[in-house]
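Quick note on our numbering: the sequence shown kicks off at 1037 and runs consecutively. Just so it is clear, CB atoms sit at the ideal spot from N, CA and C, and this is done for glycine as well.
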Amino acid sequence: MHRVLITGAGGGIGRSLRETLRGVYPVLRLSDRVALAPARDGEEVDQTEISDMAAVERMVEGVDGIIHLGGNSGENTWDVILQSNIVGVYNVFEAARRAGVQRIVMATSNHAVGFYPRAQTIDHQVVPRPDSRYGLSKAFSEALASLYSDKHGIGFLCVRIGNFGTRPIDKRRLSIWISPRDLTQLVRIGLEHPEVRYEIVYGVSNNRRSWYDNSNAYRLGYQPQDDSEPYAEAVLAAEAGQPADPIAEHYQGGTFPALEHTAKTRRD
Ligand code: 15L
C-alpha cells in the first residue's frame, strides 16, 4: 500500500485515523465533502462530493487502497440516504474498479443488523436486519461489496462498526464500543492481510458485554486491546433512573429501531 485514501476524513473516525495511520503508509489521501485541515508531510487533501461520479473518479486516481467512511452517519430522509449512502458508495466502488484499486475497507454499521434482539449473540453470517434507512444503506453497501468482490476480485473488509470513541457513553455502548486503537488495528488488517477477499467483521473492542461472536475478526488476526467493562459502573450509575423506551431496550440498534416504529407485534 503506497497511497491510501480515506473518504469521510472530516468525521470523528476519519480525524482519528488521520492521526493513527500517520506514517503507516507513505501517502494518506484525505477526502471529505467539506474542507479539511491543510495537508502535512505524507498527506494529500481533497474535497469531493461522493454523489458526483466525475469527482469521485478524480478522487480515487492513483490510490492503492481505500477506507470508505464517507456518507451520512445516522438516520435521515430517504433522499439524503439515497444520494450520500447509496449513490455515493456505488460511485466509490465503481470508480475504484475502473482505477484498478485492489482493496477497500468499508465502514458498515451495527445498524445493518440492529433489529436483532439484545438477547441474541450474532455472528458475521446472520442475514441483515437493518433498523433504519441508514442501516439499510449499510446492508446495501455490504451486498455491493460482495458483488464487486465476486465479479471484479476487489478485496473487501466490511467492518460493522459499533460505537467509536475514546470511551463508551451509555449502557448500550458498553456492548458495542470500539476504541481508536482497536479500530486502527482492524483497518490495517483490512488493508494489509494478504487473504482478504470478502469478509464481514464487527468493529468492536473486546467488550465483556458484547452481543457479537466476532470470531471472523479473530480468525484474521484481530487482537483487541480494550474492553468497556472498566467504564461500566460509572456509565450505569449515570443512567440509573432514566426512563427507558422498551423497543430501544429490546433491540441491539437502540433508538434506531424505535424511531418511527409502528409494528404491533415483534418478529423474534
Ligand atoms: C452508527 O452507525 C453511527 O454512525 C453512529 O453515529 C452511532 O449512532 C453508532 O452507530 C451507534 O449505534 O452508536
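{"Item": "Looking only at its own chain, which residues have a Cβ that is under 8 Å from the Cβ of Gln1119, when we skip the five neighbours before and after it?", "Value": "Ser1087"}
{"Item": "Starting from Tyr1170, trace the beta strand (DSSP E) both ways and give me its first and last residue.", "Value": "Premise fails: Tyr1170 lies in the alpha helix (DSSP H), Arg1169 to His1188, not in any beta strand (DSSP E)."}
{"Item": "Quick check: the stretch 1149–1160 against the stretch 1242–1257, are at least 3 beta-carbon pairs closer than 8 Å?", "Value": "yes"}
{"Item": "Using 10 angstroms around the beta-carbon of Ala1131, count the other beta-carbons present and answer buried if the total reaches 16, otherwise exposed.", "Value": "buried"}
{"Item": "When the Cα of Thr1043 is compared with those of Ser1052, Asp1068 and Val1060, which residue comes out closest?", "Value": "Asp1068"}
{"Item": "With C-beta atoms as the reference, is His1229 less than 8 Å away from Gly1257?", "Value": "yes"}
{"Item": "Use the C-beta contact count for Gly1106: other C-beta atoms within 10 angstroms, 16 or more gives buried, fewer gives exposed.", "Value": "buried"}
{"Item": "Could you tell me whether the Cβ atoms of Glu1080 and Leu1057 are closer together than 8 Å?", "Value": "no"}
{"Item": "Please say whether Leu1210 and Pro1204 have beta carbons closer to each other than 8 Å?", "Value": "yes"}
{"Item": "I need the boundaries of the beta strand (DSSP E) containing Gly1101, first residue and last residue.", "Value": "Gly1101 to His1104"}
{"Item": "Can you tell me the Cα-Cα spacing of Gly1168 and Glu1055, whole angstroms?", "Value": "In the sequence as presented, Gly is not what sits at residue 1168; that position holds Ser. Roughly 31 Å between the two C-alpha positions."}
{"Item": "Among Gly1047, Phe1129, Arg1302 and Ser1145, which residue has its Cα nearest to the Cα of Tyr1248?", "Value": "Ser1145"}
{"Item": "Given a cut-off of 8 Å on the beta-carbon distance, is the pair Gly1290 and Ala1284 in contact?", "Value": "yes"}
{"Item": "Nearest CA to the CA of Lys1174: which residue from Cys1194, Asp1186 and His1188?", "Value": "Cys1194"}
{"Item": "Just to confirm before moving on: does the CB-CB distance between Pro1164 and Glu1178 stay below 8 Å?", "Value": "yes"}
{"Item": "How about Arg1209: is its Cβ closer than 7 Å to a heavy atom in ligand 1?", "Value": "yes"}
{"Item": "Determine, using beta carbons only, whether Tyr1061 and Val1040 come nearer to each other than 8 Å.", "Value": "yes"}
{"Item": "Go ahead and pull the three-state DSSP assignment for Asp1206.", "Value": "coil"}
{"Item": "Are the beta-carbon atoms belonging to Gln1138 and Asp1100 less than 8 Å from one another?", "Value": "yes"}
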